[in-house]
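So the structure is just underneath, and the comments pick up after that.
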Amino acid sequence: MLEYTKLILEKVSFDRKLFEKELRKALAYLTGDERMSLKGWCWSKFGPRYQRVVNKYLGKPSKGANV
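In this text, residue positions in the sequence shown follow the working numbering: the first is 38, and each later residue adds one.
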């Protein structure tokens with residue numbers, strides 16, 4: 038499901054509201070390990086653009102992350 042979630046988030050990244058909605062939905066069915074992977078991926082891919090949204094649902098990036 039993680040790869041599918043990434044695909045969906047990339048496709049809706051043109052709109053902040055859609056991105057936030059899909060991120061929230063994804064968190065309902067991802068496991069803890071998948072959430073951690075998604076967190077790193079979201080920060081590297083969307084951190085500058087959707088910093089507030091990613092921080093709200095996934096928390097701040099881990100130390101050493103390139104954001």
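We put the beta carbon where it would ideally sit given N, CA and C, even for glycine.
Check	Outcome
So the alpha helix (DSSP H) Ser74 belongs to, where does it begin and stop?	69 to 83
Compute the Euclidean distance between the alpha carbons of Leu95 and Lys76, then round it to the nearest angstrom.	6 Å
By Cβ distance below 8 Å, which residues in the same chain neighbour Leu55 in space, the five residues on each side in sequence not counted?	Val49
DSSP on Phe56, reduced to helix/strand/coil?	helix
Hey, how far is the Cα of Leu64 from the Cα of Lys43?	12 Å
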